[in-house]
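Residue numbers (the working numbering): 80 to 204.
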C-alpha cells in the first residue's frame, strides 16, 4: 500500500535555525557558565575565600586581553542576550502580542547590538 502524502521537494527557506542555535547556545551558557561566574565573583571573592591578589586589576586585565578571556567576556555578555531576546520574541507571541516582523527585528537587533558592543568593549581594552 502506497502512502497518501506528497513530499515538498522545495520547502520555503526559514531563518529560524539561526535564531534557535543562538537561543540554545545562550541558554547553555547561562545554565552552565553563569552560575560559576556568579559563585566566584559574587560570593567567594567578596567573602575572602578567593585571595584578593587572584582578582587584582593586573591579572584581570591580562585575562581580559588574552584571546580566551576575550571570548569568555563576549560569550558572557552576548550569548545569554540572544537567549533572552529569542525567549521574549516567542513569549510575546504566546501572550497574543503579535508584533510580527517588527518585534522580531527589534528583539534580534537589540541582541546584535549587545553582541557588537561587547566585541567593541573587548577591542578597546
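From the three backbone atoms N, C-alpha and C, an ideal C-beta is built for every residue, glycine too.
From a predicted model like this one, the values you see are computed outputs, not experimental measurements.
Terminal residues of the alpha helix (DSSP H) in which residue i lies
i: residue 199; result: 179 to 203
i: residue 147; result: 146 to 173
i: residue 105; result: 95 to 111
Rounded C-alpha distance that separates residue i from residue j
i: residue 137; j: residue 120; result: 16 Å
i: residue 161; j: residue 188; result: 10 Å
i: residue 176; j: residue 196; result: 29 Å
i: residue 180; j: residue 135; result: 46 Å
i: residue 183; j: residue 159; result: 17 Å
Nearest-angstrom Cβ-Cβ length linking residue i and residue j, presumed shorter than 8 Å
i: residue 205; j: residue 201; result: Residue 205 lies beyond the residue range present for the chain, which begins at 80 and ends at 204; the question has no answer from this structure.
i: residue 108; j: residue 154; result: 6 Å
Exposed unless 16 or more other CB atoms sit within 10 angstroms - verdict on residue i
i: residue 99; result: exposed
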